[in-house]
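Please read the structure below before turning to the comments.
There are 2 protein chains.
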Amino acid sequence: MDAVFRALADPTRRLLLDSLHARNGQTLNALCEHMDMTRQAVTKHLAILEEANLVTTMRRGREKEHYLNPVPINEIAERWIGKFERHRLTALSDLKQRLEREEP
Amino acid sequence: MDAVFRALADPTRRLLLDSLHARNGQTLNALCEHMDMTRQAVTKHLAILEEANLVTTMRRGREKEHYLNPVPINEIAERWIGKFERHRLTALSDLKQRLEREEP
DNA sequence: TTGACATGCAACCAAATGGTTGCATATTAG
DNA sequence: CTAATATGCAACCATTTGGTTGCATGTCAA
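Sequences listed follow chains A and B, in order.
Under UniProt numbering, residues 1 to 104 are what the first sequence spells out, in order.
Under UniProt numbering, residues 1 to 104 are what the second sequence spells out, in order.
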């Protein structure tokens, strides 16, 4: 899970996910066209996304197609974010009470 | 939103959030007791969490209380993760089809 | 077969990151 | 008042990160 969080931390990588979300199965060169950096830099970002299992690749001849894998994101949403969301209102009202206790 | 993602990327900071989730309003020293690093290191992590608005602080005398703010996490869940979750099954079946097209 | 095209690998570099130590400041307890 | 306690600030350091350039390899098309 740590790899997923770290992978999501970089805006470039989130952009790549967005790009794949818009059009799945893009080749490396296709993904590069929207990015303002060298192909090799994009390759590195994609490697990190692959390691976090957020992107799956498939070799098709001399090209490499990239597919978005939404499962890890979903797991984070369910296992980690859900935990905090559940107590969202509680925590907020706790904070409010605390703050109000200060005022007078 | 970038700040939130970057803040969540570090396991120590997620641990701090977990700690506040378990017991809200902890003081700096209290938070340090569970961490295996110097107080100053924890301070830096907390500063990053504050900057991402994930933690709110309140001075009480010579102590500083830390409160979890779940709102940014919730926003990420809704605005960013939701987008990918929505097409989860679609993307998976796309991938499956693509993979099957390769086999024969 | 050969040239053009798509990707892979590795060395290198600047800047950011996560941590430390040392000292300063502010508040509370005795 | 004074000493202990809680936090703040700053310099410093090693490692990681995000990027580059240069060259190698593999595959398709003419």
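Idealized CB from N, CA, C, for every residue including glycine.
Histidine 66 (chain A): member of the beta strand (DSSP E) spanning 63–68, first to last residue.
Secondary structure remark: continuous alpha helix (DSSP H) runs of at least 4 residues inside the UniProt domain "HTH arsR-type" (1–88) of chain B, in chain order: 2–8, 11–22, 28–33, 39–51, 71–76 and 82–86. Cβ neighbours of methionine 37 (chain B) within its own chain (closer than 8 Å, five residues either side excluded): Thr12. If you ignore the 5 residues before and after methionine 58 (chain B), its C-beta comes within less than 6 Å of the C-beta of Glu65, all in its own chain and listed in chain order. For the C-beta of aspartate 36 (chain B), not a single chain A residue is nearer than 8 Å; the gap to the nearest is close to 17 Å. Taking 7 Å as the threshold, the shortest C-beta distance from glutamate 75 (chain A) to chain B does not fall below it. The Cβ atoms of leucine 54 (chain A) and leucine 20 (chain A) do not sit closer than 7 Å to each other.
Per the Cβ contact rule, the segment 40–51 of chain B is not in contact with the segment 75–85 of chain B (fewer than 3 Cβ pairs under 8 Å). Proximity of isoleucine 48 (chain B) to chain A, defined by a Cβ-Cβ separation below 7 Å, is not satisfied. Around the C-beta of glutamine 40 (chain B), fewer than 16 other C-beta atoms lie within 10 Å, and the residue is accordingly described as exposed.
Straight-line spacing of the CA atoms in leucine 15 (chain B) and alanine 52 (chain A) works out to 20 Å. Within the model, the alpha-carbon separation for glutamine 26 (chain A) versus proline 70 (chain B) is close to 35 Å. Burial check for arginine 6 (chain A): the Cβ neighbour count within 10 Å reaches 16 or more, so the residue is buried. In this structure, A:Leu28 is the residue among A:Leu28, A:Arg23 and A:Arg79 with its C-alpha nearest to the C-alpha of glycine 61 (chain A).
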